[in-house]
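Numbering (the working numbering), first residue to last: 4 to 822.
Remarks on the structure that follows.
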Amino acid sequence: MRKYDASEIEPKWVKIWEEEGRHRASDDPADTRPKFYALDMFPYPSGDLHMGHAEAFSGGDVVARYRTRQGFNVLHPIGWDAFGLPAENAAIKRGVPPAEWTYANIEQQAASFKRMGMSFDWSRRLNTCDPSYYRWTQWLFTKFFERGLAYRKTSPVNWCPRDATVLANEQVIQGACERCGTMVERRDLTQWFYKITDYAQRLVDDMEQLDAWPERVKLMQRNWIGRSQGAEVTFTIKETGEEIPVFTTRPDTLWGVTFFVFSVEHPAVRRLAELGGTWDQVKPLLDKVRATSMNSREEVDTKDGVFLGTHAVNPVSGEEIPCYAAPYVLMGYGTGAIMAVPAHDERDFAFARTHGVPVRAVIQPRDGEPMDGDTMTQAYAGEGIMTNSGPFDGEETPASIEKVVKWLEQEGRGKGTVNFRLRDWLISRQRYWGAPIPIIHCPTCGEVAVPESDLPVELPTDVDFELGGESPLARHPSWKHVACPTCGGEAVRDTDTMDTFVDSSWYYLRYCSPDYPDGPFDPAAVAKWMPVGQYTGGVEHAILHLLYSRFFTKVLFDMGMVSFTEPFPKLMNQGQVIYGGASMSKSKGNMVEPMPIVERWGADSVRLIMLFAGPFEDDIDWKLIAGDDPGRRPGVHSWLSRVFTAVGEAAERGFAVAEPEGLVRLTHRTIQWVTADLEAFRINVAISKLQVLTNEIRVALDGGSGAMDAARTLVQLLGPLAPFIAEELWRVDLGQPDSVHVSAWPVFDPVLVMDETVQLIVQVDGRVRDRIDVAADIGEGDALALAKASENAQRAVGEREIVKEIVRAPKLVNLVTRG
RNA sequence: GCCGGGAUGGCGGAAUUGGCAGACGCGCGGGUCUCAAAAACCCGUGAGCUAGCGCUCGUGAGGGUUCGAUCCCCUCUCCCGGCACCA
């Protein structure tokens with residue numbers, strides 16, 4: 004009998020599958036199979052594959068293989084998100100050109116993916132740093148530019164001093180650079196933006212289509228977009244007569260406004276402070292705010308603020324109220340100025356009490372103590388009845404808000420409006436290893452897009468990567484000097500490159516027709532394959548990549564290039580692989596690499612470790628599943644050994660020896676269970692069902708019976724999970740002529756999955772007292788009679804009287820007693 | 001602070017969503033084989049009581065609904081994640 008040796012089996016099949024040209028998605032029009040697009044978030048080539056890759060791609064590969072077996076024409080592509088800072092930083096550190104470092108890592112990862120048995124269509128492989136790809140990234144930029152969706156503006160931006168580049172809002176996590184953790188600084192710079200805010204409403208609305216997304220991801224996107232409905236109301240500055248609009252979600256509190264607050268950075272502040280004679284107090288505050296990074300306000304005190312010496316006029320009451328400048332009002336949201344209602348807003352309340360501003364309650368809760376502005380100790384932000392509000396006294400939220408808005412509009416004092424937290428997407432980066440922004444700055448023509456015929460704008464290779472001063476492209480002696488495409492005069496290229504998230508916002512479209520020469524994608528191929536059937540990847544992309552890709556898709560829809568508005572209707576997030584409760588990292592010295600384990604125990608084992616450890620979405624703590632020795636023999640390897648010998652023995656015995664009926668039934672139930680589990684992506688549970696079947700096959704064989712059908716089924720069901728051992732057993736031991744991975748998914752016999760007998764649970768007062776084997780179609784009367792006849796049940800009832808009989812034939816009888 | 005998601009044996013996790021809690025696996029204990037080890041195989045493994053048939057307790061804590069609650073409702077504790085002056 005052969006022994007299971009993955010190192011002997013697996014490399015053999017890698018080679019054979021490659022020779023046989025497996026896993027190609029078919030673009031043959033004669034192929035009538037329904038399509039299925041199984042997409043994995045493409046990797047960044049930072050080195051060899053890590054555990055996170057092993058988990059995510061194992062899950063994605065199960066989907067692709069399972070759908071293939073179900074008769075779908077499956078597109079399961081792979082590529083690399085190959086631009087980005089690590090390559091450039093490696094170049095600075097080691098003197099290796101970014102391209103060289105990147106391509107070497109890609110080759111390494113590609114080899115590892117093959118070794119792991121990933122069923123990728125290698126003919127479609129792409130990478131974003133290839134000019135044949137970024138040509139179209141640039142082309143898309145020019146189209147966005149034409150539509151006014153790419154524009155340049157000067158504004159305060161997040162600057163990472165360590166990476167020497169600006170960052171998008173989405174790349175700043177709690178005030179720090181997402182990539183290197185350095186606290187970002189704020190700089191006023193002229194930068195390129197994509198106008199994602201134009202799509203804010205649609206990005207919210209279309210989430211309705213995403214029922215098959217994890218709720219938390221949708222929630223994160225909703226919070227990030229931050230839609231709030233309210234009104235814009237215009238206040239007038241008494242001293243100058245200028246009109247300053249504010250945004251509020253509570254126009255019903257307009258009669259409770261007792262002061263007015265500008266953001267310290269508001270353009271009117273300096274003028275008004277000088278007029279009011281308070282500029283010498285405001286200026287230090289402004290300097291302090293400017294010095295603080297944009298996203299972290301931990302050093303800013305809510306109660307900080309300075310009276311400007313000027314006043315605003317409340318448009319509904321005509322009342323004059325003092326104007327303040329305070330850091331708690333943000334310049335980047337709403338209008339940069341607010342009406343303050345201390346009685347009904349926590350922050351306004353704190354500010355008012357500190358600065359001695361009156362508090363006036365204008366909303367009374369429906370029940371409980373009435374509020375008094377002079378004595379209340381905290382703001383009341385809830386719903387209630389309007390008081391001290393002129394014509395609106397007695398109106399109740401939420402209807403009152405609508406009434407006030409309507410009235411403001413009629414009176415011309417304001418209007419209903421919606422505000423978003425989402426800002427435009429800053430896409431310029433002052434670094435080298437990215438797609439150059441295809442814009443030429445001409446002294447006469449202004450910003451001119453590089454014409455399509457001149458694309459791609461290729462990166463020069465003779466570049467000085469050292470950090471400092473200008474970006475590498477800006478420092479290059481000749482690269483930026485070009486003739487203006489419009490007037491032919493002397494002009495310069497934009498020397499910034501695009502955020503790598505731009506590259507990854509459309510790669511899934513390129514896979515549909517990776518060699519298409521006339522555009523970013525062949526519209527017919529995209530119409531065929533998109534949208535994605537299942538998208539698999541890490542939750543760390545919940546906001547960035549997924550939001551940007553959704554935005555791109557909507558722009559392309561508006562351009563008439565695609566016919567759908569959401570690219571990924573179904574999303575699965577795998578958990579993280581951690582060690583001892585902490586994320587794995589080189590600096591912590593707790594890294595466990597997948598490839599050494601593949602070498603030692605086999606790719607099938609590594610895949611199964613990942614898939615069996617728990618639900619796909621949950622984190623895997625390697626220390627908990629493998630103990631202190633990360634190289635220990637995995638439990639799933641023992642199982643595969645048992646599968647290997649059991650199937651081998653069953654094959655030797657063949658069909659000549661009869662199979663027990665119980666095993667036949669279990670086989671069909673296993674098909675039913677595993678199919679349902681894979682449909683629901685409960686892979687860990689599916690594996691446990693296969694283990695049960697394996698155990699029963701073992702029992703049958705040890706009892707001298709045959710197990711050929713069960714063994715064949717086991718191998719077929721195992722295929723998507725452990726492709727190597729399944730193929731070896733299928734083709735060698737079971738002698739099948741073609742690959743198990745193209746065999747039809749087994750179907751169960753509905754008669755055989757039904758139980759003939761079941762265990763009737765007999766309870767007395769809700770406690771289990773007996774279990775009786777009964778026919779599955781037993782009637783209620785018979786079930787009750789059997790239950791009452793049970794000695795154990797009778798003993799439990801004792802002298803008491805049975806007052807109620809619950810019968811749920813054939814599963815359960817519950818006798819309820821009294822006495 | 002606000003918004004989500006959790007909490008089940010020594011560990012990872014099951015439980016057809018109101019009907020046998022702990023499937024399957026890891027680990028551990030005992031055994032077979034072996035000169036020995038590894039591997040493989042067999043038995044046991046929630047806690048307590050009991051010679052035994054069995055009994056009692058048990059799904060973070062407390063309460064409720066129900067014949068019956070890991071599952072539904074209320075209160076609380078702790079853990080994880082996201083956002084954090086967004087007017």
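All residues carry an ideal CB built from backbone N, CA and C; glycine is no exception.
Source: prediction; values computed, not measured.
Taking only the alpha-carbon atoms, compute the straight-line gap between residue i and residue j and give it to the nearest angstrom.
i: Thr760; j: Glu802; result: 32 Å
i: Gly335; j: Trp258; result: 26 Å
i: Trp604; j: Arg715; result: 24 Å
i: Glu602; j: Phe727; result: 14 Å
i: Met374; j: Asp209; result: 42 Å
i: Ile12; j: Pro100; result: 38 Å
i: Leu88; j: Asn76; result: 37 Å
i: Met562; j: Thr556; result: 10 Å
i: Thr578; j: Asp622; result: The question names Thr, yet the displayed sequence has Gly at residue 578. In a straight line, the C-alpha of Gly578 is about 4 Å away from that of Asp622.
i: Glu824; j: Asp785; result: Only positions 4 to 822 of the chain appear in the structure, and residue 824 is not among them; the question remains open.
i: Pro48; j: Ser608; result: 24 Å
i: Ser824; j: Leu717; result: One cannot answer for residue 824 here, as it falls past the ends of the chain, which runs 4 to 822.
i: Glu173; j: Arg68; result: 35 Å
i: Glu783; j: Val777; result: 12 Å
i: Ile628; j: Ala616; result: 7 Å
i: Gly312; j: Phe262; result: 12 Å
i: Arg274; j: His314; result: 13 Å
i: Tyr514; j: Arg127; result: 6 Å
i: Leu78; j: Val207; result: 29 Å
i: Thr820; j: Ile805; result: 4 Å
i: Cys445; j: Gly492; result: 7 Å
How is residue i classed by DSSP in three states: helix, strand or coil?
i: Phe555; result: helix
i: Val460; result: coil
i: Val535; result: coil
i: Asn317; result: coil
i: Gln284; result: helix
i: Lys807; result: strand
i: Arg496; result: strand
i: Val260; result: coil
i: Ser299; result: Reliability fails at Ser299, whose pLDDT of 48 lies under 50, so the model's placement of it is uncertain and the value that follows must be treated cautiously. Ser299: coil per DSSP, three-state reduction.
i: Asn391; result: coil
i: Gly63; result: helix
i: His744; result: helix
i: Lys241; result: coil
i: Trp16; result: helix
i: Leu818; result: strand
i: His358; result: helix
i: Trp428; result: strand
i: Glu218; result: helix
Could you tell me how far apart the beta carbons of residue i and residue j are, in whole angstroms, since I believe they sit closer than 8 Å?
i: Ala234; j: Gly415; result: The pair is not a contact, with the Cβ atoms about 13 Å apart (cut-off 8 Å).
i: Arg645; j: Arg701; result: 7 Å
i: Leu278; j: Glu323; result: With 8 Å as the limit, Leu278 and Glu323 do not qualify as a contact, their Cβ atoms being about 15 Å apart.
i: Thr237; j: Pro248; result: 5 Å
i: Glu652; j: Leu704; result: 5 Å
i: Phe504; j: Leu476; result: Wrong, their Cβ atoms sit about 19 Å apart, outside the cutoff.
Between which residues of its own chain and residue i is the CB-CB distance below 8 Å, once the five residues before and five after are set aside?
i: Arg219; result: Val542, Ala545
i: Arg770; result: Ala799
i: Asn108; result: Pro48, Ser49, Gly50, Asp51
Excluding sequence positions up to five away, which residues of its chain have a Cβ less than 7 Å from the Cβ of residue i?
i: Thr400; result: Asp255, Glu386, Gly387
i: Asp427; result: Phe196, Tyr197, Lys198, Ile199, Thr200
Considering only residues of the same chain and omitting the five flanking positions on each side of residue i, which have a CB-CB separation below 6 Å?
i: Gln3; result: In the structure as shown, the chain starts at 4 and stops at 822, and residue 3 therefore has no counterpart that could be examined.
Task: Three-pair Cβ contact test at 8 Å for the segment 517 to 537 versus the segment 84 to 92 - done: no
Open item on the list: Within 8 Å, do at least three Cβ pairs link the segment 452 to 464 to the segment 135 to 149?
Closed with: yes
Open item on the list: Assess contact between the segment 383 to 399 and the segment 353 to 373, defined as three or more Cβ pairs (one per stretch) separated by less than 8 Å. Is contact present?
Closed with: yes
Task: Cβ contact (3+ pairs, closer than 8 Å) linking the segment 338 to 354 and the segment 243 to 260 - done: yes
- [ ] Pair every Cβ in the segment 48 to 58 with every Cβ in the segment 582 to 597, then say whether three or more of these pairs are closer than 8 Å.
- [x] yes
Task: Touch test, the segment 185 to 194 against the segment 159 to 173, Cβ-Cβ under 8 Å, three pairs minimum - done: yes
Open item on the list: Under 8 Å: do the segment 152 to 162 and the segment 523 to 538 share three or more Cβ pairs, one atom per stretch?
Closed with: no
Task: Stretch pair the segment 492 to 508 + the segment 430 to 448: three plus CB contacts closer than 8 Å - done: yes
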